[in-house]
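Structure, rendered in structure tokens:
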């Protein structure tokens, strides 16, 4: 009888999630377009309920067998072209492995919804009101 000493299966520890609210932000439903452009849906929530915040686009991301799921690790605001509309650059990683996948630019309506989740006071307090000088009326 041969005794196998020292052989053991190394148990992989699950990778730690980023801090809240980033732990609930992910990219999913990625689609490839021409010129290597990938469009993914930025989502907020858990497996029990997700809210789509909108599309983001990037070059260089890949769509794997899992449909191209990415975890948002962190976001930081970048210079705004229009003062009232936020822009963010978010660092992302591959959900399955935790490998760095680069970053994505979040802009437009997607960035406004993300800003509200991140607690941007300007976006939380903003309420659209019709222009009182507009000739367009309902």
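In my numbering, the protein residues as written are 7 to 144.
No residue lacks a Cβ here, since even glycine has one placed at the ideal position from N, Cα and C.
Check: When the Cα atoms are used, what is the spatial distance from residue 128 to residue 90?; Outcome: 8 Å
Check: Compare the C-alpha of residue 108 against each of 27, 77, 53 and name the closest.; Outcome: 77
Check: Using DSSP with H/G/I as helix, E/B as strand and the rest coil, what is residue 97?; Outcome: strand
Check: If you count every other CB in all the chains shown that lies within 10 Å of the CB of residue 120, and 16 or more means buried, which is it?; Outcome: buried
Check: Could you give the distance in angstroms between the alpha-carbon of residue 131 and the alpha-carbon of residue 99?; Outcome: 32 Å
Check: Keeping to the same chain, check which residues put their C-beta closer than 6 Å to that of residue 37; ignore five residues upstream and five downstream.; Outcome: 45
Check: Quick check on residue 92: buried or exposed, where buried means 16 or more other Cβ atoms within 10 Å of its Cβ?; Outcome: buried
Check: Considering residue 51, what are the terminal residues of the beta strand (DSSP E) in which it resides?; Outcome: 43 to 52
Check: Where do the ends of the alpha helix (DSSP H) carrying residue 112 lie?; Outcome: Element bounds for residue 112: not the alpha helix (DSSP H) but the beta strand (DSSP E), 106 to 112.
Check: Which of helix, strand or coil does DSSP assign to residue 115?; Outcome: helix
Check: Roughly how many angstroms lie between the CA atoms of residue 85 and residue 94, to the nearest whole one?; Outcome: 9 Å
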